[in-house]
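Colleague:
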Amino acid sequence: MAPTKQELSLLISPVVPESIQHNYRVLSSLHSLTAFLLGLTAGILALQSAQGFVFYFLGTIFVSGLFHLLLIVLGSGGDGGAAGSFFPGSSGGEIEGIDMDGKIQVSEREKKSGRRVIRRKGAWRDVWFGGGVFSEALSGFVLGWAGVGGVLR
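For the sequence shown, this note's numbering assigns the number -2 to the initial residue and increments by one for each residue that follows.
1. CB-CB under 7 Å to S29, same chain, minus the five flanking residues each way: which ones, in chain order?
2. Let me confirm a value: L149 is counted as buried when at least 16 other C-beta atoms fall within 10 Å, else exposed. Which label applies?
3. When DSSP labels each residue in this structure, what does G75 get in the three-state scheme?
4. Please tell me whether F84 and N20 are closer than 8 Å, where the distance is taken between their beta carbons.
5. Should L35 be labelled buried (16 or more other beta-carbon atoms within 10 Å of its own) or exposed?
6. Roughly how far, in whole angstroms, is the beta-carbon of A120 from the beta-carbon of G86, given that I think they are within contact range, below 8 Å?
7. How many angstroms separate the CA atom of A39 from the CA atom of G49?
8. Which same chain residues end up closer than 6 Å to V60 when comparing Cβ atoms and leaving out the 5 residues on each side of it in sequence?
9. Distance, Cα to Cα, G141 vs P14?
Rendered as structure tokens:
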């Protein structure tokens, strides 16, 4: 029986569970700390209701964009598909552009630079939405927002 694309992907570039857990912990810590600081800022600015949540979502998008830009894009030679080097993505580690013979399609940019960038399907979602953006980080935001807003009033 021939291996599936996901099995081939994991043979070519294995996903180490401990490394993935570490990457998620770092991402979660970044989002939690940022959310709390955004909450403190929203409290100081006396933002109320929808304005505060819009501030949180815009701040989270900004921080996720910076994280993606600085740590992933610039750290991998400028190719935006490098999130697959750090996160497994939504397809369980399947590499994009792999054929059933186990060959990975290489872009012209990768040929010139000599660097291979791992593109896993859906890995960018882990960077933008992973790390508790809508759960634990949101609760930290509300805690900082209500705490500082209550003290200042």
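All residues carry an ideal CB built from backbone N, CA and C; glycine is no exception.
Modeller: Put simply:
1. G129, E133, A134 and G137
2. exposed
3. Note that G75 has pLDDT 48, beneath the 50 cutoff, so the model's placement of it is unreliable and the number below is only indicative. The answer is coil: DSSP assigns G75 none of H, G, I, E or B.
4. yes
5. buried
6. 4 Å
7. 6 Å
8. T31
9. 33 Å
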